[in-house]
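In terms of my numbering, the sequence shown opens at residue 4 and continues consecutively.
Backbone N, C-alpha and C fix where the C-beta goes; we use that ideal spot for every residue, glycine too.
Before any comments, here is the structure.
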Amino acid sequence: MVLFTRLPDGLPIADGPPGQGIIAGPDSPEGRYAFQDVLSTQLLFLPGAIPSDPLTALIPLDADTLGRIEALSRFWRASQGRPVPCDTRITANQRRRLRLKLQAADGRMNGASYREIAFAIFGKARVASDPWKTSPLRDTIIGLVEEGLALIAGGYRQLLRHRRRS
C-alpha cells in the first residue's frame, strides 16, 4: 500500500498529482482508500490529502519498508507511463503454483475428488499411467488442496510481504 499526505510547506511543488487511473474507494478514519487501475496498487490518502493536489508519499520505517519502497516505485513508473518491472515478491513459478493450489482447493470445495482434480490439472493420461492409491500425483494433489485451503483461510497475506531472513 502506498500512503500519501499533503506536500509539506517549503518543499518545491512537483510536476503534478500522482498520475492517471486512480479510482477512489471508501472514506475511513485513516483517510480515503483508492487504487491505481494499471497495477491494482492500493493507495491511502491520509486526512487532508486530496488526489488532485501536490502530494508526498509517506513510507513508515518498519518491517515492510522495502516492500513499500518497491510499491511506490512501481506506482510512480506506472503513473508516468514508464515500463514497470516485475513484482519481486513472487516469481513466475510461484505464481503458477499458487494458481494450481487455488484451482485444486476450488475443485475440492465444489465436491470434486482428488482424482478428478488430478485429471483437470495433469490430464487423464498422466493420472491413469500409475495406480492412483500409490501415485505421487495423488500426494501432490492432496498437498495442493491443503495449501490452497490454507491460502483461502488467510495465508495469502504472506504473499504480500518479502521473505525476511531471521
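Quick one, which of the options has its alpha-carbon nearest residue i's?
i	options	result
residue 158	137, 101, 136 and 140	101
residue 41	87, 56, 122 and 153	87
residue 32	10, 83, 72 and 51	51
residue 35	72, 59 and 7	7
residue 144	107, 128 and 155	107
residue 78	25, 118, 93 and 141	25
In this structure, how does DSSP classify residue i when only helix, strand and coil are distinguished?
i	result
residue 59	strand
residue 85	coil
residue 11	coil
residue 52	coil
residue 153	helix
residue 16	coil
residue 140	helix
residue 64	coil
Tell me whether residue i is buried or exposed, calling it buried when 16 or more other Cβ atoms sit within 10 Å of its Cβ.
i	result
residue 161	exposed
residue 14	exposed
residue 82	buried
residue 104	buried
residue 39	buried
Based on the DSSP output, what are the partners of residue i in its beta bridges?
i	result
residue 47	6 and 36
residue 31	34
residue 25	39
Confirm the yes/no value for this check: CB of residue i, any heavy atom of the ligand SAM, distance under 7 Å.
i	result
residue 114	This structure simply doesn't include the ligand SAM, nor any ligand for that matter.
For this session: Starting from the N-terminal side, write out each stretch of the alpha helix (DSSP H) that is 4 residues or longer and does not extend beyond the region 71 to 132.
Result: 95 to 112, 117 to 125 and 127 to 131
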